[in-house]
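Contents: one structure, followed by commentary.
Number of protein chains: 2
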Amino acid sequence: MTPRARAVADRLHSAAIHLLRRVRRHDAALGVGPAALSALSVLVFGGPRSLSRLAAAEQVRLPTMSRIVAGLERAGLARREPDPTDRRAFVIHPTPRGRATVRRGRRRRVAALAALLAPLDHRRLAELEGAAACVEALLEEGRD
Amino acid sequence: MTPRARAVADRLHSAAIHLLRRVRRHDAALGVGPAALSALSVLVFGGPRSLSRLAAAEQVRLPTMSRIVAGLERAGLARREPDPTDRRAFVIHPTPRGRATVRRGRRRRVAALAALLAPLDHRRLAELEGAAACVEALLEEGRD
DNA sequence: GGCGATAGTTAGCAGTGCTAAGTATATTGG
DNA sequence: CCAATATACTTAGCACTGCTAACTATCGCC
Numbered sequence: 006m007t008p009r010a011r012a013v014a015d016r017l018h019s020a021a022i023h024l025l026r027r028v029r030r031h032d033a034a035l036g037v038g039p040a041a042l043s044a045l046s047v048l049v050f051g052g053p054r055s056l057s058r059l060a061a062a063e064q065v066r067l068p069t070m071s072r073i074v075a076g077l078e079r080a081g082l083a084r085r086e087p088d089p090t091d092r093r094a095f096v097i098h099p100t101p102r103g104r105a106t107v108r109r110g111r112r113r114r115v116a117a118l119a120a121l122l123a124p125l126d127h128r129r130l131a132e133l134e135g136a137a138a139c140v141e142a143l144l145e146e147g148r149d
Numbered sequence: 006m007t008p009r010a011r012a013v014a015d016r017l018h019s020a021a022i023h024l025l026r027r028v029r030r031h032d033a034a035l036g037v038g039p040a041a042l043s044a045l046s047v048l049v050f051g052g053p054r055s056l057s058r059l060a061a062a063e064q065v066r067l068p069t070m071s072r073i074v075a076g077l078e079r080a081g082l083a084r085r086e087p088d089p090t091d092r093r094a095f096v097i098h099p100t101p102r103g104r105a106t107v108r109r110g111r112r113r114r115v116a117a118l119a120a121l122l123a124p125l126d127h128r129r130l131a132e133l134e135g136a137a138a139c140v141e142a143l144l145e146e147g148r149d
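Protein chains in written order, with the working numbering: chain F, 6 to 149; chain Z, 6 to 149.
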């Protein structure tokens, strides 16, 4: 373990915490919590899936995701269909309202970050995007 | 607002959420919540300060930070000294145990991220560090 | 001295994480 | 084929962390 990796890990952690705190207020205006919004995004962009698979994608335990999906249903943002191949399971789908909510949240978030990203040139933007993609890829493959 | 910025904002948001969920479990072993740990880190690395200034640094409201600091005190990780220049205010200091806890959390976090960052070459590491620094700098100057 | 601003607390709510324990269905081994 | 085990999900209950509203105490200024 190099001091280099230590420093990078610390900075990533800190930057992630502060970035999320910044956007949190704007997401709050949607009336949907951050975890619910993130799960809904997965359904919209990654496609419908079972509760278990959604929980795995979000790195959260089953009961947590169960409650989140119950909230999404209550809010009319997702619905569950029976899984024809397994009567224990459901397939969770986003509703049209759910899709609209994800789009709206995305717009708000972008508006909030616009002021931040504005001063960056293309090279800098590309670096940020590359870094984010890199982190996501590492998390994906390093799935314990 | 370019589609480019939209895409970058989305990826940053998603990467931040998933990165934090990954490290959360390891931080849980400390017996200190993530917000408390982050506040304590600020005290350790950024120096003692008042509740208000700590809340501002963490982008959190006063009552939230008040409760967090109360918890840190109860756990023996921080203590408050009266501010000699203002009898309404306190200066929050980390205790030796608080410093040790931050160090331990840092070690655990690094161990957790080590497996992720291991496959990266120096160029990639530098890119991640640059991106994190960039985000922090933007958040700092864009302080509303 | 008094008035508005600032530092902090308390109470109470919502959201999100967890484990433990229970139900229902699937799968597997004898 | 039936019993044991494993899996999908729910419910209950706890902890942490965000918020606003309402309060107290002090500060700074006229």
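Each residue gets a CB set at the ideal place from its N, CA and C atoms; glycine is no exception. From a predicted model like this one, the values you see are computed outputs, not experimental measurements.
Among the candidates the options, whose CA atom is the shortest distance from the CA of residue i?
| i | options | result |
| --- | --- | --- |
| F:Thr69 | F:Arg113, F:Ala44 and F:Leu48 | F:Ala44 |
| Z:His98 | Z:Pro53, Z:Asp15, Z:Pro39 and Z:Val47 | Z:Pro53 |
| Z:Arg21 | Z:Glu145, Z:Leu143, Z:Ala137 and Z:Leu82 | The question names Arg, but residue 21 of chain Z is Ala in the sequence shown. The candidate whose alpha carbon is nearest that of Z:Ala21 is Z:Ala137. |
| Z:Ala105 | Z:Val140, Z:Glu63, Z:Leu118 and Z:Leu48 | Z:Leu48 |
| Z:Ala120 | F:Glu132, F:Leu144, F:Ala120 and F:Arg29 | F:Leu144 |
| F:Pro39 | Z:Cys139, Z:Phe50, Z:Ala94 and Z:His23 | Z:His23 |
| Z:Gly81 | Z:Thr90, Z:Arg129, Z:Gly135 and Z:Gly36 | Z:Gly36 |
Measure the beta-carbon distance from residue i to residue j and round it to whole angstroms, keeping in mind my assumption that it falls under 8 angstroms.
| i | j | result |
| --- | --- | --- |
| F:Arg13 | Z:Leu122 | According to the sequence provided, residue 13 of chain F is Val. The question's Arg does not apply to it. F:Val13 to Z:Leu122, Cβ: 6 angstroms. Contact. |
| Z:Arg84 | Z:Thr100 | 6 angstroms |
| Z:Glu141 | F:Ser19 | 7 angstroms |
| F:Val115 | Z:Arg92 | Wrong, their Cβ atoms sit about 45 angstroms apart, outside the cutoff. |
Leaving out five residues on either side along the sequence, give the residues of the same chain with a beta carbon under 6 angstroms from the beta carbon of residue i.
| i | result |
| --- | --- |
| F:Glu86 | Val96 |
| F:Arg113 | His31 |
| F:Arg9 | none |
| F:Ala94 | Ser55 and Asp88 |
| Z:Gly135 | none |
| F:Arg129 | none |
| F:Thr90 | none |
Report yes if the CB atom of residue i is closer than 8 angstroms to the CB atom of residue j, and no otherwise.
| i | j | result |
| --- | --- | --- |
| Z:Gly103 | Z:Asp32 | no |
| Z:Leu118 | Z:Val28 | yes |
| F:Leu25 | Z:Leu25 | yes |
What does a CB cutoff of less than 7 angstroms around residue i pick up in its chain, not counting 5 residues either side in sequence?
| i | result |
| --- | --- |
| F:Ser71 | Leu56 |
| F:Ala41 | Ile73, Gly76 and Leu77 |
| Z:Ser46 | Val107 |
| F:Val65 | none |
Under 8 angstroms Cβ to Cβ from residue i, same chain only, skipping five residues before and after it: list those, please.
| i | result |
| --- | --- |
| Z:Leu67 | Leu56, Ser57 and Ala60 |
| F:Leu17 | Val140 |
| Z:Arg51 | Strictly speaking, residue 51 of chain Z in this sequence is Gly, with Arg absent from that position. Cβ within range, chain order: Ala62. |
| Z:Ala34 | Arg113 |
| F:Ala131 | none |
Mind checking residue i: buried by the 16 CB within 10 Å criterion, or exposed?
| i | result |
| --- | --- |
| F:His127 | exposed |
| Z:Asp15 | buried |
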